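Participant: Using the numbering used here, the first residue of the first sequence is number 36, and each one after it goes up by one. Glycine residues also receive a C-beta, built at the ideal position from the N, C-alpha and C atoms. Values in this document were obtained by computation on a predicted structure and should not be read as measured data.
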Amino acid sequence: MEERYVPSAVEEKWQAIWERNKSFKVTEDETRRKYYLLEMFPYPSGRIHMGHVRNYSIGDVVARFKRMRGFNVLHPMGWDAFGMPAENAAIQNKSHPAAWTYENIDYMRGQLKRMGLSYDWDRELATCDVEYYQWEQQIFLRMYERGMAYKRNSSVNWCPKCETVLANEQVEDGACWRCDSVVQQKELEQWFFRITDYAEELLACTEQLSGWPERVLTMQRNWIGKSFGCEITFPVVDRAETITVFTTRQDTLWGATFMSLAPEHPMALALTTPDNLAQVTAFIDKVKGTDKIRRTADDFEKEGVFTGSWCLNPVTGQRMPIYLANFVLTDYGTGAVMAVPTHDQRDFEFARKYGLTLQVVIQPEGETLDPATMTAAFTAEGVLVNSGQFDGMQSSAAKEAIADYLEQQGLGKKTVNYRLRDWGISRQRYWGNPIPIIYCDSCGAVPVPVKDLPVVLPKDVAFTGEGGSPLARLEPFVKTACPVCGKPARRETDTMDTFVESSWYFLRYCCPDFTGGPLDKKRAEYWMSVDQYIGGIEHAVLHLLYARFFTKVLRDLGYVNVDEPFTNLLTQGMVIKDGAKMSKSKGNVVDPNALIERYGADTARLFSLFAAPPEKDLDWSDQGVEGSFRFLSRLWKLMYECLPFIAGVNAASGEPANAEARALRRTVHKTIRKVTGDLDERFHFNTAIAATMELVNAIQAFTPKNAPENGPVLREALESVVRLLAPFVPHFAAELWEALGKAESIESAGWPDFDPAATVDDELLIVVQVNGKLRGRITVAVDTAEDKVKALAMADDNVQAFVAGKTPKKVVYVPGKLVNIVV
RNA sequence: GCCCGGAUGGCGGAAUUGGUAGACGCAAGGGACUUAAAAUCCCUCGGUCGCAAGGCUGUGCCGGUUCGAGCCCGGCUCCGGGCACCA
């Protein structure tokens, strides 16, 4: 063993050994308990950043810990390799997205290996490899057969900068989630996945995902947005048509005095009378021309226009003017809303603005609302009035009763509504998975036959940066023959949203070399579900919802047998420096390469695990990194000094030679217990490391180290420290383990067990309180009887001073911990 | 507006079931070693009073429950995140 700790030498040595031995390669083994540990795979953007370092360090600790605990651990890594940055880079550098992507992958793979992460590299995959995306095309076709993938004309979110469509989930505050451009609305023929068919199951299963953070589940539930209500049909005056609305407030039906339709409502123009046509079309144009940011702004004014038509309130028979209103969403419910201005704030504002009728139907307890003097809608619970036979009912009870009544009368029906929309997956981009469809003038949209798969993404494409998809301009790709009739036909040139690839990559890791189909069912069954998934909170809705959906689809298609992909989810916090997220523009970026070069991967890993618990944001501190390096150097030196005293000595197993040795051994076994608990149940890496540091401090303070009778305890202590640190600083631990004379690798050495007998204290520190305030501490033998402890507590000088001769009213005794004397 | 989190020394954070608040680390101050510095090692380190023993005070604020509250309950304040015209 070298006298000084030189990380680069140690790390290169062990990385070479792991690579040569394929130390982390796994195969399915029914006789062993499996553990599937997965971190979200990276987009190959060029180089890894500190967020990756943290994410993958956390994952690697768990993987290595579980391995030492005897699990058969699947820990794979790959590349989320399709996507727009590659295309943009290609335009800029006049190169090809594939070249850019694969160069990045090669570089980043090297970086990950340099971190000493224990992946089974034989399972590596890149989603842009045809070996991967061909199977996705097959899945698409199966979904198409079942109507799970379909095409329809729709108004879509269009990012003018990316020149492509975005799913609802990918629009943040009316802007593109990727480039922040203001998203526009555009009518396009688009491919969709019918995720709404799974809305109920996706929602219901959130109840069973007890290993997920509550806030992620809440976000998903909100996104799915289930609500109970009624669909109610309103006849249009003097016409055969009817308007159906969705409402959750059927208890306010008697107060509905007008009707609001979305400007995009299919009946909008049909209901418009000739003398209103000019205003109505102007209004529709105005709404469509307003971008989403302004349309959803806080101060956006509610506006509308009268169509000239009327409908009838089905229960009161009152005539209700039909308006178009800019706040009514075409996508939600039926795109039509019965307006109850007295009990809905938006309708209230609208009615005031256009001088429409207000009718109170819910009265609050002990108050009488007057439409003439109301300044806001009353939206809370109350008692029904002006509502026929339902007068006097509580509004919550009336909801049920009125829903039943409407069903009996054939005026409406109870319904459940969801906010979740189908997942639009069409992207007008090149660097993605081609959608395997052919359009024929005679046969229509025809799926590419499975035998003709894969539809390979052509390589010879020019990247000009001009608008539209490069694929659509590539004649040899577009021109093809119809698989049904053989006549000339055109290929679909849309590619799939890259979230499709990441929706099932965790399944492909189970059998990445399988050529018989997307998944080898047997191997997937062995590994699935992912026992622990680790990644950023930013994917709480997008990726994590899509992946859950896809898993259920693949289950229903017979590919897998699990309902949920991820049993436990850990969302790690961001890496912060100087109070802000690391970014080039803020100039607070820490480069992992420089960090590793200076301190080594082990220090980088140790610090990122020690500085904060994983789910919290991590405040980067250069001094903190220095401290972690100091700790490793100190332990290295300690080992170097102690080796001569423990050479040829066996680790302690029985009773130590003296009190000091017994105390050290107790610390060792208590630390093993603590670290095991922290890693196994809580993922509290920071406290596990802190406990190990305390143990190192205790070994350092232990004397005399050179006494032969202390050798066994000293060796046991050092061996334990090394094993406890192995998941955190694997190279460092491997080197010290070897220095301790171990022929067997530390990876196969197993996790240390603690001896409960060795953790037992021979004396206890009892805290003595008087009236709940700390007044003294006494040390007693473990087996001291309660009465004796109380007596000793009472006898303490300082305690006496505070008891001041009074007779205790009560003495509380918490065994082994505290005595509280109440006077 | 609604729904989640969170608030503990100069800083990052501990306190696992209601039982010694501040583990561990960083920073700071003092000392040793050194011609000097770096590195390393030792000591101090919530505030305050005290020579000391020790006292008082202290976990965002106000109140409650309890022998005992950072932790439980009620009411606030501030910060962070998510959703946001969802009928």
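1. Can you give the Cα-Cα distance for A768 and P743, rounded to whole angstroms?
2. For W226 and R102, what's the separation of their Cα atoms in angstroms?
3. Count the other CB atoms, across all protein chains shown, that sit within 10 Å of the CB of S431; report buried if there are 16 or more and exposed otherwise.
4. Consult DSSP for D859 and reduce its assignment to one of helix, strand or coil.
5. Quick check on the DSSP output: the alpha helix (DSSP H) that includes R55 runs from which residue to which?
6. Three-state secondary structure (DSSP) at T136?
7. D637: buried (16+ other C-beta within 10 angstroms of its C-beta) or exposed?
8. Have a look at R812 and L800 and give me their C-alpha separation to the nearest angstrom.
9. Taking the alpha-carbon of A239 as reference, which of L775, V847 and I259 has the nearest alpha-carbon?
10. Could you tell me which uninterrupted alpha helix (DSSP H) segments, each at least 4 residues in length, are contained entirely in the stretch 764-822, listed from first to last along the chain?
11. Comparing C-alpha positions only, which one of R525, P553 and C520 sits nearest to F512?
12. Rounded to the nearest angstrom, how far is the Cβ of S153 from that of H110, given a contact under 8 Å?
13. May I ask you to report which of helix, strand or coil DSSP gives W156?
14. Give me the Cα-Cα distance between I278 and T268, rounded to the nearest whole angstrom.
15. Does the beta-carbon of V764 have 16 or more other beta-carbons within 10 angstroms, so that it is buried, or is it exposed?
16. Given this structure, state the Cα-to-Cα distance separating G81 from P747, to the nearest angstrom.
17. In whole angstroms, give me the CA-to-CA distance for Q872 and L404.
18. Quick check on E46: buried or exposed, where buried means 16 or more other Cβ atoms within 10 Å of its Cβ?
19. Just verifying my parser: in three-state terms, what is the DSSP assignment at A647?
20. How about R229 and M294: do their beta carbons lie closer than 8 Å?
21. Taking 8 Å as the threshold (C-beta atoms), are E63 and Y561 in contact?
22. DSSP on F263, reduced to helix/strand/coil?
23. Which parts of the stretch 609-695 are runs of the alpha helix (DSSP H), unbroken and 4 residues or longer, counting only runs that do not cross its ends?
24. According to DSSP, simplified to helix, strand and coil, what is L109?
25. Is T408 buried or exposed, if buried means 16 or more other CB atoms sit within 10 Å of its CB?
26. Just mark A438 as buried or exposed, buried being the case when its beta carbon has 16 or more other beta carbons within 10 Å.
27. At what residues does the beta strand (DSSP E) containing C163 begin and finish?
28. Go ahead and pull the three-state DSSP assignment for E400.
29. Tell me which residue opens and which closes the beta strand (DSSP E) that A516 is part of.
30. So which of V625, E773, R387 and S344 has the shortest CA-CA distance to P376?
31. Could you compute how far the alpha carbon of C545 sits from the alpha carbon of A792?
32. Exposed or buried, which one is R758 when buried takes at least 16 other CB atoms within 10 Å?
33. How is the alpha helix (DSSP H) around Q243 delimited, first residue to last?
34. Looking at the structure shown, is Y465 part of a helix, part of a strand, or coil, going by DSSP?
35. Is the separation between the beta-carbon of F601 and that of V565 shorter than 8 Å?
36. Which same chain residues end up closer than 8 Å to A863 when comparing Cβ atoms and leaving out the 5 residues on each side of it in sequence?
Facilitator: Once the coordinates are examined:
1. Looking up residue 768 in the first sequence gives position 733. Looking up residue 743 in the first sequence gives position 708. If I take the Cα positions, the gap works out to 25 Å.
2. If you number the first sequence from 1, residue 226 lands on position 191. If you number the first sequence from 1, residue 102 lands on position 67. Cα to Cα, W226 sits roughly 43 Å from R102.
3. Residue mapping note: residue 431 aligns to position 396 of the first sequence, counting from 1. Exposed, by the Cβ-count rule.
4. Absent from the model: residue 859. The displayed extent of the chain is 36 to 858, so no value can be given.
5. Along the first sequence, read from residue 1 onward, the residue named residue 55 stands at position 20. Residues P42 to N56.
6. For this step, residue 136 is matched to residue 101 along the first sequence. Reduced to three states, the DSSP call for T136 is helix.
7. Within the first sequence, numbered from 1, the residue matching residue 637 stands at position 602. The residue in question, D637, is buried, as its Cβ has 16 or more Cβ neighbours within 10 Å.
8. For the purposes of this step, residue 812 is taken as the residue at position 777 of the first sequence. For the purposes of this step, residue 800 is taken as the residue at position 765 of the first sequence. Their Cα atoms are separated by approximately 7 Å.
9. Position 204 of the first sequence, counted from the first residue, corresponds to residue 239. With distances taken between Cα atoms, A239 lies closest to I259.
10. 765-774
11. Your numbering for residue 512 matches position 477 in the first sequence. Closest option to F512, Cα to Cα, is R525.
12. Numbered from 1 along the first sequence, position 118 holds the residue referred to as residue 153. Numbered from 1 along the first sequence, position 75 holds the residue referred to as residue 110. Their Cβ separation, rounded to whole angstroms, is 6 Å, which keeps S153 and H110 in contact under 8 Å.
13. On the first sequence, residue 156 is found 121 positions in, with the first residue counted as 1. Here W156 sits in helix by DSSP.
14. Residue 278 sits at position 243 when you count from the first residue of the first sequence. Residue 268 sits at position 233 when you count from the first residue of the first sequence. Each residue's Cα considered, the two are about 6 Å apart.
15. One-based indexing of the first sequence puts residue 764 at position 729. Counting Cβ neighbours within 10 Å, V764 comes out buried, since at least 16 surround it.
16. Within the first sequence, the letter at position 46 stands for residue 81. Within the first sequence, the letter at position 712 stands for residue 747. Answer to the nearest angstrom: the Cα atoms are 50 Å apart.
17. Nothing about residue 872 can be reported from this structure: the residues present for the chain run from 36 to 858 only.
18. The count along the first sequence starts at 1 and reaches residue 46 at position 11. Buried, because 16 or more other Cβ atoms sit within 10 Å of the Cβ of E46.
19. Here residue 647 corresponds to residue number 612 of the first sequence, with the count starting at 1. The answer is coil: DSSP assigns A647 none of H, G, I, E or B.
20. Taking the first sequence and counting its residues from 1, the one referred to as residue 229 is at position 194. Taking the first sequence and counting its residues from 1, the one referred to as residue 294 is at position 259. No, these two residues do not count as a Cβ contact at 8 Å.
21. On the first sequence, position 526 is the one that residue 561 refers to. On the first sequence, position 28 is the one that residue 63 refers to. Taking 8 Å as the Cβ cut-off, Y561 and E63 qualify as a contacting pair.
22. One-based indexing of the first sequence puts residue 263 at position 228. Strand at F263.
23. 627-634, 636-645 and 657-681
24. Here residue 109 corresponds to residue number 74 of the first sequence, with the count starting at 1. Strand at L109.
25. Position 373 of the first sequence, counting from 1, holds the residue named residue 408. Exposed: under 16 other Cβ atoms inside 10 Å.
26. As a position in the first sequence, residue 438 is number 403, starting the count at 1. Result: buried.
27. Position 128 of the first sequence, counted from the first residue, corresponds to residue 163. Counting along the chain, C163 falls outside any beta strand (DSSP E), and DSSP gives it neither H nor E.
28. Within the first sequence, numbered from 1, the residue matching residue 400 stands at position 365. Residue state, collapsed to three classes: coil.
29. Here the question's residue 516 lines up with position 481 in the first sequence. Counting along the chain, the beta strand (DSSP E) containing A516 begins and ends at K514 to A516.
30. Here residue 376 refers to the residue found at position 341 of the first sequence. Cα-wise, what sits closest to P376 is R387.
31. For the purposes of this step, residue 545 is identified with residue 510 of the first sequence, where counting begins at 1. For the purposes of this step, residue 792 is identified with residue 757 of the first sequence, where counting begins at 1. Rounded to whole angstroms, C545 to A792 spans 42 Å at the Cα level.
32. Looking up residue 758 in the first sequence gives position 723. Buried, since its Cβ has 16 or more Cβ neighbours within 10 Å.
33. The residue given as residue 243 occupies position 208 in the first sequence. Here Q243 belongs to no alpha helix (DSSP H), and DSSP marks it neither H nor E.
34. Walking along the first sequence from the start, residue 465 turns up at place 430. Residue state, collapsed to three classes: coil.
35. In the first sequence, residue 601 corresponds to position 566, counting from 1. In the first sequence, residue 565 corresponds to position 530, counting from 1. Contact: yes.
36. Nothing can be reported for residue 863: it is not among the residues displayed for the chain, which extend from 36 to 858.
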